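Undergrad: full-length UniProt numbering puts the first residue of the sequence shown at 1, with every later residue one more than the last. Glycine included, every Cβ here is placed at the ideal spot set by N, Cα and C. Just so you know, these numbers come straight off a predicted model, no measurement behind them.
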Amino acid sequence: MATDETGQDPKLPPDARLDSLEKRLDRLQEEEAKRTHVVRPDPNYRIGQQVLGHLVGAPAGGFLIGLGLDAVFGTRPVFMLLLLFFGFGVGIRNVMRISKTPPGGNPGAGS
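(1) On the CB-based measure, 16 or more other CB atoms within 10 Å of its CB, does HIS54 come out buried or exposed?
(2) By Cβ distance, which residues of its chain are closer than 7 Å to VAL51, with the 5 residues on each side in sequence left out?
(3) Relative to the C-alpha of VAL56, which candidate in VAL78, LEU69, ALA16, ILE92 has its C-alpha closest?
(4) Mind reading off the beta-carbon distance from GLY87 to GLY68? Whole number of angstroms is fine, and I expect it under 8 Å.
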């Protein structure tokens with residue numbers, strides 16, 4: 001007997017039990033997909049959070065470390081201002097580096 005691509009004999013009628021089973025299986029798979037639907041985070045939102053973190057965290061870190069160094073050495077605004085501006089520069093550099101990575105990259109990309 002000749003068979004087609006599916007491995008079934010083309011002259012035989014399709015089995016009604018298989019058709020009903022396939023329909024039930026499709027329906028159950030759709031219900032399961034709706035029930036266990038997982039929301040995937042937007043990669044652009046993640047990149048925005050990284051940019052915000054770098055633009056706030058780097059200057060804040062420089063400011064705090066500068067305050068600590070000023071307290072140790074007794075030079076009130078010198079290290080605070082230097083490290084604050086250094087933190088701004090580092091934050092801008094990190095944002096430029098993040099902007100070069102594609103949004104759909106691996107989870108650690110750009111950080």
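TA: In short:
(1) buried
(2) VAL95, ILE98
(3) ILE92
(4) Wrong, their Cβ atoms sit about 13 Å apart, outside the cutoff.
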